[in-house]
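A.B. asks: Here you go, one structure.
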Amino acid sequence: MKAVVLAAGDGTRLGLGIPKALVKVHGLTLLERSVRALNDAGVNDIVAIMGPKPEMVRRHAKRRGLAIRLVENSEYERGNAISVLRAEGHVSDRFLVVMVDHIFDPSIVRGLTKAEGEVVACVDSKPLFASVREATKVLVEGEKVICVGKGLKRFNAIDVGVFLCSRSIFPIVKECVERGDDEWSHCVREMARRGMVRAYDIKGKLWIDVDTIRDLRRARRVLRTLQIRYAPPHPTER
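Now the structure itself:
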């Protein structure tokens, strides 16, 4: 199975002056953590969509020996749905979409790849590590995702940022982008409205969203405390 890593964020909210994909958390960059987690789950065919400073990302990937295909998104200042469209020519019928700034346990992907459905969204009904206030909320009924959004008042889970998709998503993503809804979450909301999205509930497994300095500090603290086995710090980066 293939995976698409949405890694075009400029990391402005982190204020570190580097692409978000290159921000280090407990010794490894976010890009490395995504790749290692996917590899550990048995996913080795990976496309990463880059944004600003692509040559810096390429050098990092080469230096760290990351076996991934890098695709540039020159419109990275727009929403991340544009990055999804950049991946269209690089994926087959079933593929994963993951956010580079979401650190996740490989077991999440192992379970997700066994799920069935046009679009399957990982959700968390019992989050232990993520901030519910900042998260994208999800309303699930049975196994169906009914609605997705930051401002949902009625919800029973939050979005983990890991998806199993089919190529049927691309016409819908294009429709959304054409009308100005260029965030991936907008596209997922539209797919949910059409009854296409199933939920895969991880129920408190490890995942962390790194969007702000506060998130980054929390992620470093959590990973240091848990000493995550699948992505230990490289000896030269301790």
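Just so you know, we're using my numbering here: the sequence shown kicks off at 11 and counts up by one. Cβ atoms here follow ideal geometry from the backbone N, Cα and C, with glycine treated the same way. Keep in mind the model is a prediction, meaning the values are calculated, not measured.
Among all the DSSP beta bridges, which residues are the ones paired with G89?
C.D. replies: Bridge partners of G89: none, in fact.
A.B. asks: Checking the sheet assignment: what are the DSSP bridge partners for C132?
C.D. replies: DSSP output for C132 lists Y210 as bridge partner(s).
A.B. asks: Taking only the alpha-carbon atoms, compute the straight-line gap between A77 and L24 and give it to the nearest angstrom.
C.D. replies: C-alpha separation (whole angstroms): 27 angstroms.
A.B. asks: Determine, using beta carbons only, whether V119 and V133 come nearer to each other than 8 angstroms.
C.D. replies: In this structure, V133 does not lie closer than 8 angstroms to V119 by Cβ.
A.B. asks: Going by C-alpha distance, which of M66, A13, L41 and H100 is nearest V53?
C.D. replies: Closest by alpha carbon: A13.
A.B. asks: Roughly how many angstroms lie between the CA atoms of I113 and I218, to the nearest whole one?
C.D. replies: I113 and I218: Cα-Cα distance of roughly 5 angstroms.
A.B. asks: Let's see if you can read the secondary structure: which residues bound the beta strand (DSSP E) around S195?
C.D. replies: First-last for S195: W194 to R203, but that is the alpha helix (DSSP H), not the beta strand (DSSP E).
A.B. asks: Can you tell me whether P29 is buried or exposed, with buried defined as 16 or more other CB within 10 angstroms of its CB?
C.D. replies: So P29 ends up on the buried side.
A.B. asks: Considering only C-alpha positions, which residue in the set A71, V81 and V67 is nearest to S93?
C.D. replies: When only C-alpha atoms are compared, the closest one is V81.
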